[in-house]
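Colleague:
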Amino acid sequence: MTTPTPLRPQFPHRGSTGLLASFHHAWKGLIHTVVYQRNMRVHLVSGVLVGLVGSGIPLGLAEKVTLIFCVLLIFFAEILNSALEHLVDLAVQQFDEKARLAKDAAAAGVMVLALGTVVIFAALLVHNWGTVLTSGPQIARQVKLGLPFTACVTLLVLPQGRPAWLDWLAFLAAGLLIALQASETASSVFSTLTAGLLVVAGAAARERRRAGAHKKTGTAPVPHPS
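If you count by the numbering used here, then the sequence shown holds residues 2 to 227, one letter each, in order.
#1: Are L156 and A171 closer than 8 Å when you measure CB to CB?
#2: Could you check whether the Cβ of R163 sits closer than 7 Å to any heavy atom belonging to the ligand NAD?
#3: Which two residues bound the contiguous alpha helix (DSSP H) that contains S56?
#4: If we require 4 or more residues per run, which alpha helix (DSSP H) segments fall completely within the region 117-149?
#5: What does a CB cutoff of less than 7 Å around G55 pick up in its chain, not counting 5 residues either side in sequence?
#6: Under three-state DSSP, which class holds Q161?
#7: Determine the DSSP secondary structure at A84, reduced to helix, strand or coil.
#8: Count Cβ pairs between the region 163-180 and the region 189-209 that sit closer than 8 Å; are there 3 or more?
#9: Pick helix, strand or coil for A187, following the three-state DSSP scheme.
#10: CA-CA distance, S227 and A212?
#11: Cβ atoms of A78 and V51: under 8 Å apart, would you say?
#12: By the three-class DSSP mapping on this structure, what secondary structure does Q94 have?
#13: Which of helix, strand or coil does DSSP assign to G203?
#14: Below 8 Å, can you find three or more Cβ-Cβ pairs linking the region 151-168 to the region 42-50?
#15: So, do the region 23-35 and the region 107-121 have three or more beta carbon pairs nearer to each other than 8 Å?
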């Protein structure tokens, strides 16, 4: 007598399963990682700094592609590391040495990529040191606009609670600064990357406030329709 195959557990339906819904779920995963993972917030601010350098110093196509690929690869690794941590926590309900090793190995992978990116970034600066020396006015402008821009992005991703108007002020100020910077950018690609990271930081600040409001009222967040 054959044993009946157990039924798969039923999970809540996620709504639409089209292409736009897939992008929506992926976007939520990205924002969740920024909100709840400290290292992802560090990588995001570091990506902003790379974008500011790339938009202020003329670089070759290969160098631009290398820097952008490194930034995106670190983001991918950190998101994958976060997913693995959640999966391990779901599968292992108590302390297990193998679970700890799995988490440590995943974190080590992200660390190796981050250190490699720092080495690549330094090598590109050394290789283009002549260009750096002749780009004094552009660098001074980037510093003047980039430092307050980076401060605004950092404020948006900080986990500490604060009034909503402060987040809006930081987001609008950063938008103005990136618009001024983009008017004389050395690379529209890096300016677009920096602006995209600002959008991610703003969405993370909104999600943090939303989660904080539900935590205060003791209610579960209502999922967005998808």
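C-beta atoms are modelled at their ideal positions from N, C-alpha and C, and glycine is treated no differently.
All values reported here derive from a predicted model rather than from experimental measurement.
Modeller: Short version:
#1: Locating residue 156 in the sequence shown gives position 155, where the first residue counts as 1. Locating residue 171 in the sequence shown gives position 170, where the first residue counts as 1. Taking 8 Å as the cut-off, the Cβ atoms of L156 and A171 count as close.
#2: Within the structure as shown, the ligand NAD is missing, as the structure has no ligands at all.
#3: What you label residue 56 is simply residue 55 of the sequence shown in a count that begins at 1. Looking at the DSSP string, the run of the alpha helix (DSSP H) that includes S56 is 39-57.
#4: Counting only runs of 4 or more residues that sit fully inside the region 117-149, the alpha helix (DSSP H) segments are 130-134, in chain order.
#5: Start at 1 with the first residue of the sequence shown, and residue 55 comes out as number 54. So the qualifying residues of the chain are K65, L68, S188, F191.
#6: Taking the sequence shown and counting its residues from 1, the one referred to as residue 161 is at position 160. In the structure shown, Q161 falls within a coil segment according to DSSP collapsed to helix, strand and coil.
#7: Stepping through the sequence shown from its first residue, residue 84 is reached at position 83. Helix.
#8: Contact between the region 163-180 and the region 189-209 is present, because at least three Cβ pairs lie under 8 Å.
#9: Along the sequence shown, read from residue 1 onward, the residue named residue 187 stands at position 186. For A187, the secondary structure class from DSSP, reduced to helix, strand or coil, is coil.
#10: Translated into positions along the sequence shown, residue 227 becomes position 226. Translated into positions along the sequence shown, residue 212 becomes position 211. Its pLDDT being 37, under 50, S227 is placed unreliably in this model, and the value from its coordinates should be taken loosely. When rounded, the separation of the alpha-carbon atoms in S227 and A212 is 19 Å.
#11: Start at 1 with the first residue of the sequence shown, and residue 51 comes out as number 50. Start at 1 with the first residue of the sequence shown, and residue 78 comes out as number 77. Between V51 and A78, the gap from beta carbon to beta carbon reaches 8 Å or more.
#12: Along the sequence shown, read from residue 1 onward, the residue named residue 94 stands at position 93. In the structure shown, Q94 falls within a coil segment according to DSSP collapsed to helix, strand and coil.
#13: Locating residue 203 in the sequence shown gives position 202, counting from the first residue. DSSP places G203 in helix when its eight states are reduced to three.
#14: Touching, yes.
#15: Too few Cβ pairs lie closer than 8 Å, so no.
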